[in-house]
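A short worksheet on the structure shown next.
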Amino acid sequence: MKVMLLVMAEQRVILDRLYQVVQENCNDCTLYRLTKQQQKKLGRFLVSANYQDFDRVVIFSRVKRLAPQLSVLKCIPGLIFLEHDAYQNYMRESKYYGVYSRLYRRLPSCRALVSGALVARRMQAENIDAVFVSKGYDEQMLHNTGSVRDIPIGFLGSLKSTEYARRRALLEALAQRTGMLVTRTQSGREYLETLNRIKIFVSADLGMGEFMIKNFEAMACGCVLLAWSQGEEDRLLGFEDMENTVFYRSEAEAVEKLEMLQRDPELATRIARNGQAFAERRYSFARVGQALAEEIQRDMRPWQAPSAFTRGWVKLRYGMKVPG
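Start counting at 1 in the sequence shown, then tack on 75, and there's your number in this note's numbering.
See the structure below:
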């Protein structure tokens, strides 16, 4: 089976290891890194890359760039979306509320590989071929270095977007009450070194319904993970409160558990050790990439050819020759 893997050339999160593992676990997978302009004009790129020679076309891009290209997407047999932000489909405060569902329902033959177990379940109820494959972490880049942990409590990441408004408010409140460090770092070495200086990493994925990649990265680097509970998602992913992570459901509970962990360093050490082993065992890119490759190559729904009008339009504009 020949697989075309289209990914974003410009992305803050470094996912090279994930792509490598996907390629290693597919029989024949060619990776293409697309600029923003190429992502916005998929038709031209697909023709130049002879997309019809491939059995699967896997796209990892922003939904805002994909949704306007529905006619082109309809003309791609074996179309699969790799998506880490589909939780926004069910966030009423997000500008992408419902956008993912509308796009996928209009592409009934496509498959969506989403990173939330409950997101996948909700999409399946909408008759979308949605499959859960979790986020993970780069085990070759991020690990416990055994460094001195001189930052008692910390958070590393962005607070700027609209979707992060509740996260920002909670983290700022916790910082005022606990002295927690809230900052950003460069990806790569600086991020690794800073994570390894943090004893307790505070995650605040409010309203998202799934766990962001930082949770797995912090655990793998030996931090105690204090995470906002995602309800049923916690159990589905294997998280266990006070065993491999620590959950909270309010600002007051977060402060209470932070104080408890600081009073009992042996408890904190045990949870951090269990969390690291848990992340290494289940959420390394070596494991996640293998799962993605399996889902990419699994049988899909029969392809439904687009209308004659759509086929004619994309042929005229991009030279795409689509079978009827």
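Note that the Cβ used here is the ideal one computed from N, Cα and C, for glycine as well.
Whole-angstrom distance between residue j and residue i, CA atom to CA atom
i, j, result
"residue 278", "residue 229", "9 Å"
"residue 44", "residue 180", "Nothing in the structure corresponds to residue 44, since the chain is present only between 76 and 399."
"residue 215", "residue 359", "9 Å"
"residue 174", "residue 256", "35 Å"
"residue 320", "residue 332", "11 Å"
"residue 282", "residue 156", "23 Å"
"residue 343", "residue 354", "16 Å"
"residue 366", "residue 210", "11 Å"
"residue 243", "residue 77", "43 Å"
"residue 248", "residue 198", "34 Å"
"residue 376", "residue 346", "43 Å"
"residue 202", "residue 298", "39 Å"
"residue 89", "residue 95", "12 Å"
"residue 382", "residue 392", "16 Å"
"residue 324", "residue 245", "11 Å"
"residue 274", "residue 348", "12 Å"
"residue 168", "residue 110", "29 Å"
"residue 120", "residue 225", "49 Å"
"residue 130", "residue 108", "19 Å"
"residue 378", "residue 362", "29 Å"
"residue 137", "residue 339", "43 Å"
"residue 139", "residue 200", "23 Å"
"residue 258", "residue 152", "44 Å"
"residue 171", "residue 240", "15 Å"
"residue 79", "residue 126", "8 Å"
"residue 144", "residue 124", "18 Å"
"residue 350", "residue 310", "14 Å"
"residue 335", "residue 128", "59 Å"
"residue 387", "residue 164", "32 Å"
"residue 191", "residue 176", "14 Å"
"residue 374", "residue 337", "50 Å"
"residue 276", "residue 385", "50 Å"
Backbone secondary structure at residue i - three-state DSSP
i, result
"residue 309", "helix"
"residue 131", "strand"
"residue 89", "coil"
"residue 77", "strand"
"residue 217", "coil"
"residue 110", "coil"
"residue 203", "coil"
"residue 116", "coil"
"residue 121", "helix"
"residue 281", "coil"
"residue 187", "strand"
"residue 397", "coil"
"residue 83", "strand"
Own chain, CB closer than 7 Å to residue i, minus 5 neighbours either side, in chain order
i, result
"residue 389", "118, 146, 147, 150, 395, 397"
"residue 260", "231, 266, 269"
"residue 370", "188, 206, 208"
"residue 357", "313"
"residue 218", "295, 296"
"residue 364", "93, 96, 97, 100"
"residue 182", "148, 149, 154"
"residue 195", "189, 205, 206, 207"
"residue 142", "174, 178"
"residue 87", "262"
"residue 46", "Because residue 46 is not part of the residues shown, which for the chain are 76 to 399, the question remains open."
"residue 122", "393, 394, 395"
Close-in-space but distant-in-sequence residues of the same chain around residue i (CB under 6 Å, 5 per side omitted)
i, result
"residue 193", "284, 308"
"residue 271", "220, 222, 296"
"residue 154", "132, 185"
"residue 372", "76"
"residue 134", "81, 156"
"residue 292", "212, 217"
"residue 234", "243"
"residue 368", "97, 100, 101"
Short CB-CB distance (under 9 Å) between residue i and chain C
i, result
"residue 87", "Although the question refers to chain C, the structure presented lacks it and comprises just one protein chain."
Nonlocal neighbours in the same chain, by C-beta distance under 8 Å from residue i, ignoring five residues either side
i, result
"residue 330", "249, 252, 253"
"residue 436", "It is not possible to answer for residue 436, since the shown part of the chain is limited to 76 through 399."
Open item on the list: What ranges does the alpha helix (DSSP H) occupy inside the stretch 285-334, keeping only unbroken runs of at least 4 residues that lie completely in it?
Closed with: 288-295, 307-312
With a threshold of 8 Å, are at least 3 pairs of Cβ atoms found where one atom belongs to the stretch 159-171 and the other to the stretch 102-109? no
Is it true that the stretch 106-116 meets the stretch 79-98, where meeting means three or more beta-carbon pairs spaced less than 8 Å apart?
-> A contact exists between the stretch 106-116 and the stretch 79-98.
### Message
Under 8 Å, with one C-beta from each stretch per pair, do the stretch 199-207 and the stretch 320-329 reach the 3-pair mark?
### Response
no
Would you list, in sequence order, the uninterrupted beta strand (DSSP E) runs of no fewer than 3 residues that lie entirely inside the stretch 205-270? 226-231, 256-258
Taking only runs that begin and end inside the stretch 131-185, name each unbroken alpha helix (DSSP H) of 4 or more residues, in chain order.
138-141, 145-148, 174-180
**Asked** Considering only residues of the stretch 345-375, which uninterrupted alpha helix (DSSP H) runs meet the minimum length of 4 residues and lie entirely inside it, listed in chain order?
**Response** Scanning the stretch 345-375 from its first residue to its last, the whole alpha helix (DSSP H) runs of 4-plus residues come out as 360-372.
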